[in-house]
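In this text, residue positions in the first sequence follow my numbering: the first is 65, and each later residue adds one. Everything below concerns the one structure shown next.
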Amino acid sequence: MSLDALLARSPWAAALTPAQRERVRAELRERAVPQGAYVIRKGDRADSWLGVADGLVKVHCASPSGKRATLTGVPAGGWLGEGSLIKREALRYDVVALRDSRIACMPGATFRWLQETSLPFNRYLLDQLNERLGLFIATVEHERLHGIEGRVARALATLFNPVLCPGLGPALHLTQEEVGLLAGMSRQRANAALKVLEGEGLLAVEHGAVHVLDLEALRRY
DNA sequence: GCATTAACCACCG
DNA sequence: CGGTGGTTAATGC
65 MSLDALLARS PWAAALTPAQ RERVRAELRE RAVPQGAYVI RKGDRADSWL
115 GVADGLVKVH CASPSGKRAT LTGVPAGGWL GEGSLIKREA LRYDVVALRD
165 SRIACMPGAT FRWLQETSLP FNRYLLDQLN ERLGLFIATV EHERLHGIEG
215 RVARALATLF NPVLCPGLGP ALHLTQEEVG LLAGMSRQRA NAALKVLEGE
265 GLLAVEHGAV HVLDLEALRR Y
């Protein structure tokens, strides 16, 4: 989608004054990131807030030994990176494009200007951070208590989260390969897990797409 | 045992 | 035809 369309479906942008929105639009920059490439890398200085205009990205961190832990996935329409911007810290994670993606970059100065001038923007940030916190708590809980199916259920519930990615319908173009990458498992195992979840009526799988039928149940799986 | 990798083939667009 | 999905066999922790 275009940058205008991305802003149009972003609730924080709708809450700005026309003048604020105009400045934000003027200062947004666009980056094309090919599949497999890094959007940003762990250790980079955070200088922009990132919106996914097209594609799908994954946030993960890697240990020195090469082990990886997927933190979350963000589909087109979502925004990320506010945590590091607010803390003025280096990034603590990598962001990788799972498929060819286009990223909208809001300069850090613009982001801070919005923080200082817009109460609704701050409220939005609080909601987004709170939602992420809830998801990560659920992740730790599920990681310990449930099996592979729980990881897939949670990865999908995160993608389809209506607060983090509003305006996303119940269906999303998503291959089983990508589900595996998001949930941190092989395609074959993701495939088997999807079939279990489908059998329980929580979702429906199609060629290259997943339909979520019961988001609440996926969250609590 | 369970998951991953690799390899195949079938199917869909 | 290329991308995606379903399956299996070999391999590794």
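Cβ atoms here follow ideal geometry from the backbone N, Cα and C, with glycine treated the same way.
query, result
"The region 189 to 197 in contact with the region 152 to 160 per 3-pair CB rule at 8 Å", "no"
"Residues that DSSP places opposite K122 in a beta bridge", "G137, V160"
"G214 - DSSP class collapsed to helix/strand/coil", "helix"
"Contacting residues, own chain, Cβ-Cβ under 6 Å from V123 (five flanking each side not counted)", "L135, T136, Y157, V159"
"Beta-carbon proximity check, V88 vs I167, cutoff 8 Å", "no"
"Residues that L261 bridges to, as DSSP identifies them", "Beta-bridge pairing links L261 to no other residue."
"Cut-off 6 Å between Cβ atoms - residues of its own chain near H206, not counting five sequence neighbours on either side", "G214, R218"
"Euclidean distance between Cα positions of G265 and D278", "8 Å"
"Under the three-state DSSP convention, the category E291 falls into", "Residue 291 cannot be examined here, being either before or after the span of the chain that is shown, 65 to 285."
"The alpha helix (DSSP H) enclosing R284, as first and last residue numbers", "279 to 284"
"Simplified DSSP state of V287, which is helix, strand or coil", "One cannot answer for residue 287 here, as it falls past the ends of the chain, which runs 65 to 285."
"Alpha-carbon spacing of V138 relative to S74, whole angstroms", "14 Å"
"Neighbourhood of V216 by C-beta distance below 7 Å, restricted to the same chain and skipping five residues each side", "V243, A247, A254, A257, L258, L261"
"Nearest to V274 (by Cα), restricted to the options I201, R95, P184, L236", "L236"
"C169 - partner residues in DSSP beta bridges", "R93, L114"
"Straight-line Cα distance separating A140 from L232", "9 Å"
"E94 and A117 closer than 8 Å at C-beta", "yes"
"Rounded separation between S250 and R132 - CA only", "13 Å"
"From A281, E86, R283, residue whose alpha carbon lies closest to that of T174", "E86"
"Alpha-carbon spacing of L183 relative to G172, whole angstroms", "17 Å"
"Integer Cβ distance of L70 from G119, believed to fall under 8 Å", "About 12 Å separates the two Cβ atoms, so there is no contact after all."
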